[in-house]
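Written below as structure tokens is the structure these notes are about.
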Amino acid sequence: MTELTSDLIRRLREDDTPEVRREAAASLTAEFGRSDLEPGEQRLAEAIFRIMVRDADQGVRRALAEGLKNNPNVPTEIAMTLARDVAEVAVPMLHYSTVFTDDELIQIVRSQPEAWQQAVARRERVAAPVSDALVDTGSEPVVVILVENRGAVISDITSAKVIDRFADS
Numbered sequence: 000m001t002e003l004t005s006d007l008i009r010r011l012r013e014d015d016t017p018e019v020r021r022e023a024a025a026s027l028t029a030e031f032g033r034s035d036l037e038p039g040e041q042r043l044a045e046a047i048f049r050i051m052v053r054d055a056d057q058g059v060r061r062a063l064a065e066g067l068k069n070n071p072n073v074p075t076e077i078a079m080t081l082a083r084d085v086a087e088v089a090v091p092m093l094h095y096s097t098v099f100t101d102d103e104l105i106q107i108v109r110s111q112p113e114a115w116q117q118a119v120a121r122r123e124r125v126a127a128p129v130s131d132a133l134v135d136t137g138s139e140p141v142v143v144i145l146v147e148n149r150g151a152v153i154s155d156i157t158s159a160k161v162i163d164r165f166a167d168s
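Residue numbers (numbering that gives the first Met the number 0): 0 to 168.
This is the structure in structure tokens:
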């Protein structure tokens, strides 16, 4: 990674356009997915990610989210920053990333708009407390996605809420 990182830094110094930054994000996230990274290389990549999550160009942040969404080693603070970004950036992280705790997902569900809630409802696995928070949003589209999700655990109490709130739907 050191060679790749050095090359990326050199390219960014020579041409700091959004397109080059997007390419750098994609390359760096692909490299970060390798299992043979040295601890120093991983720390360097994470430091670069911490800068990239604040990039003014949405495409850079989107490339970062797309590249990190399936990586179980993404630091939570980076994942949470991406999860609170605009929908185009947040949705891939919320839908696919396994780094979030149930409490973090519940916090997102309670504080973000419907597109974020739908991404959480579509996750491969949705724990009962997260399902309850999703139902509590009162959003019928979110609840429909949740109920149709075979990986969602929905308690009896939450199922009763669904029936009470959406019986006429």
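Note that the Cβ used here is the ideal one computed from N, Cα and C, for glycine as well. Remember, it's a predicted structure, so these values are computed and weren't measured experimentally.
Checklist entry - Within the present structure, is the beta-carbon of Phe31 separated from the nearest heavy atom of the ligand GDP by less than 7 Å? => result With respect to the ligand GDP, the structure shown offers nothing to examine, as it has no ligands at all.
Item to check | Rounded straight-line distance, which links the Cα of Ser34 to that of Ala44 | outcome: Translated into the one-based positions of the sequence shown, residue 44 becomes position 45. Translated into the one-based positions of the sequence shown, residue 34 becomes position 35. Between Ala44 and Ser34, the alpha-carbon positions lie close to 13 Å from each other.
Item to check | Identity of the residues DSSP links to Val125 by a beta bridge | outcome: The residue given as residue 125 occupies position 126 in the sequence shown. The partner list for Val125 (beta bridge, DSSP) reads Ala151.
Item to check | Exposure label - Pro140; buried when at least 16 CB within 10 Å | outcome: The residue labelled residue 140 in the question sits at position 141 within the sequence shown. It counts as exposed.
Checklist entry - Under 8 Å between the Cβ atoms of Arg83 and Val59? => result Here residue 83 refers to the residue found at position 84 of the sequence shown. Here residue 59 refers to the residue found at position 60 of the sequence shown. Using a Cβ distance threshold of 8 Å, Arg83 and Val59 do not count as a contacting pair.
Checklist entry - For Gly32, which three-state DSSP category applies? => result For the purposes of this step, residue 32 is taken as the residue at position 33 of the sequence shown. Secondary structure of Gly32 (DSSP, three-state): coil.
Checklist entry - Counting Cβ pairs closer than 8 Å, one from the segment 59–74 and one from the segment 23–30, do we hit at least three? => result Judged by pairs of C-beta atoms under 8 Å, the segment 59–74 touches the segment 23–30, as three or more such pairs exist.
Checklist entry - When you compare only the Cα positions, how much space is there between Val85 and Asp155? => result Counting from 1 along the sequence shown, the entry for residue 85 is found at position 86. Counting from 1 along the sequence shown, the entry for residue 155 is found at position 156. The alpha-carbon atoms of Val85 and Asp155 are separated by roughly 34 Å.
Checklist entry - Straight-line CA distance for Thr157 to Ile144? => result Numbered from its first residue, the sequence shown carries residue 157 at position 158. Numbered from its first residue, the sequence shown carries residue 144 at position 145. For Thr157 and Ile144, the distance between alpha carbons rounds to 15 Å.
Checklist entry - In whole angstroms, what is the alpha-carbon distance linking Val19 and Asp6? => result Position 20 of the sequence shown, counting from 1, holds the residue named residue 19. Position 7 of the sequence shown, counting from 1, holds the residue named residue 6. C-alpha separation (whole angstroms): 12 Å.
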